[in-house]
Every structure is written in C-alpha cells, then in structure tokens.
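Input: a single structure, listed below in structure tokens.
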Amino acid sequence: MEVRHTTNPTDIKQYDTARLRKEFLVQHLFVPNQINMVYTHYDRLVIGGAFPAGETLTLEDKDTLKTEYFLERREVGLLHIGGGEAVITVDGEVYELSKLEVLYVGKGKQNVQIASKNNDNPAKIYLVSALAHAEYPTRKMTEQEANPTHLGSLETSNERVLNKYIHEGGIQSCQLMLGVTSLKPGSIWNTMPTHVHDRRMEAYLYFDLNDDARVFHMMGEPSETRHLVVANEEAIISPPWSIHSGAGTSNYTFCWAMAGENYTFADQDFIPMKDVK
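First residue of the sequence shown? That's 33 in this note's numbering, and the numbers climb one at a time after it.
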C-alpha cells in the first residue's frame, strides 16, 4: 500500500504539474490479480482497486495498518465498475456484484475475499475504506435501489444520473459516504458551480472513459484553481479545502466518496462562479 501525506493550500502554489500529479492523482489501480491501494492522511481514507483475473484476492495489509485484519478498525465500500460478476466473500458469506452494485462491509469483519465469477471476463472492484468506531451490518445495494436521481440538462452540458449508496438515507456507515454519477452523452461537466466542505475530504474515481478521452479535473482553492488531466480508471484525492469539479472530452462516470467529520450533504459551502479564478 502506498502512503501519501497531506499538503496545505499555501504549499501547492509552488507545485508544478508533475508534483500535483504525484500528490493527488492515483494511477494503476487495476492490475490483474492484485489489490493496489493508497493510504491518504486526509481523514485516513484508503482507496484501492481489485482486479481478480483468475485468482482470489484477500483484502489485507498488516504491514501498513499494523492491525490483525483490515477491518479491525475500519469499514469499506466496494463498487463494481466493469467486467463480469464479482464474488465477494465476507467471513464465509457470499455476495455477487454486477456493474454499479455496491457492497458495504462494516468494522469487525475479519476475512474479505474478492474473486471473479468468470475468469474469462474478470470483474473490476473499486474500494474505499474509512476509519470506523462502531459495527454496521454488511449490505449490498443495486443501482435501482440507489434511487437514481436525474439532474442537469443538455443545454448546460451536465445532464446526469446520481446514485447514492452509502449515506444517512441509504446503507448505514460510521463516516463513509459513497455514490456514483453518470453523465449522459453530450454532457461533460460535473460539480459546477463548485463547492468545498472543509470538514471532510473526498476522492473521485473516473471510469467508463474511452482510451483517448480525458477529464480535466479542477482542484485547488476557489481563488487559485489548478487542474489535473485524468484518464480512464484513475482516481483523485481531493483535500477538504479544495474544489472538485471536472470537464471531459466526452461523457463519463465517476465514483465520489467522502470521509470526515460530518455525515450529511448539507455542509457544502457553494462557491459563486464570480469567485472562481
């Protein structure tokens, strides 16, 4: 597991493109028969990718976490982003996931294994883990159960479908919140007008992009923005003080996940467009 420490907005004024990408862009998450993870000191969130292409993968990293098992003091959300069905076994209980289905596994579960149902069509599983103080039950949610919400319009280039999976009105957790937004063909913008929420960090995974498509992810303080060019199945670590918006060369889908102090969507501080620079 890679470990990344925090930065502050004053420091990043000095960063060039290479340094910005090193600190905030996460690449190569989905490598056959590996679970690749990044531990960020922003609210101690872990993001990772599992790509079981013939082998069963176990969620663990004792050397980094210094615990007996991964979920000893953590919870995790697992999102199926592509390929055939995944088979996830949690302390002997088997769950099958198809694309855009989510499995939440709470604190205290000792053995989480990830496999593909058909090795000729392996599944890709994106995982996000946050610290947890209490145990919540394991729960699966389908895309339909996430109550898809249609937002935006083609005229403003942001017609999209929003699915909320792990939150106070859906799958219960300690602090982890997770959902998926899919942009319609012809739409390119996400989260604009933009916002910040200094009480919790956020991570984005962009997927369902063609190989030659890119998303220009906007970050930084509202008065001094930066951008990162993001390819398919790459993730962004977004600090609490940073905006997080994007515009693509085509439509795309992204998973957003948050951890921190507040367990609500109502603590956003919206930024007027006139103040974004």
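Glycine included, every Cβ here is placed at the ideal spot set by N, Cα and C.
Checklist entry - Are alanine 118 and glycine 138 closer than 8 Å when you measure CB to CB? => result The criterion of a C-beta distance shorter than 8 Å is not satisfied by alanine 118 and glycine 138.
Checklist entry - For arginine 106, is the classification buried or exposed, using 16 other Cβ atoms within 10 angstroms of its Cβ as the cut-off for buried? => result So arginine 106 ends up on the buried side.
Checklist entry - Among Val70, Asn65, Arg171, which has the Cα closest to the Cα of lysine 156? => result Closest by alpha carbon: Asn65.
Item to check | Boundaries of the alpha helix (DSSP H) in which alanine 50 is found, first to last residue | outcome: Taken as a continuous stretch (DSSP letters only), the alpha helix (DSSP H) holding alanine 50 covers 49-56.
Item to check | DSSP-derived helix/strand/coil call for methionine 173 | outcome: Reduced to three states, the DSSP call for methionine 173 is strand.
Next on the checklist: Applying the 10 Å Cβ sphere with the 16-neighbour rule, what's the burial state of valine 35?
Outcome noted: With fewer than 16 other Cβ atoms within 10 Å, it is exposed.
Checklist entry - Is there contact between the region 211-221 and the region 79-88, where contact requires at least three CB pairs shorter than 8 Å? => result Too few Cβ pairs lie closer than 8 Å, so no.
Checklist entry - Sorted by chain position, which residues of the same chain lie with C-beta nearer than 6 Å to threonine 257's C-beta, five sequence neighbours on each side aside? => result Residues of the same chain with a CB within less than 6 Å of the CB of threonine 257, apart from the 5 flanking positions on each side, are Met250 in chain order.
Checklist entry - Residues in its own chain within less than 6 Å of glutamate 125 by CB, not counting five upstream and five downstream? => result Excluding positions up to five away in sequence, the list is empty.
Next on the checklist: Which runs of the beta strand (DSSP E) at least 3 residues long sit entirely within the region 236-277? Give them in chain order.
Outcome noted: Within the region 236-277, the complete beta strand (DSSP E) runs of at least 3 residues are 247-253, 256-262, 266-270.
Item to check | Cβ-Cβ separation, leucine 57 to isoleucine 268 (assumed contact under 8 Å), whole Å | outcome: So it is a contact: roughly 6 Å between Cβ atoms.
Checklist entry - Where does lysine 306 fall in DSSP's three states? => result Correct three-state label for lysine 306: helix.
Checklist entry - How would you call serine 277, buried or exposed, if buried means at least 16 neighbouring beta carbons within 10 angstroms? => result Label assigned to serine 277: buried.
Checklist entry - Are any of the Cβ atoms in chain D nearer than 8 Å to that of valine 261? => result The structure shown has no chain D; it contains just one protein chain.
Next on the checklist: Taking the alpha carbon of aspartate 123 as the reference point, which residue from Leu132, Met305, Phe102 has its own alpha carbon closest?
Outcome noted: For the residues Leu132, Met305, Phe102, the minimum Cα distance to aspartate 123 belongs to Phe102.
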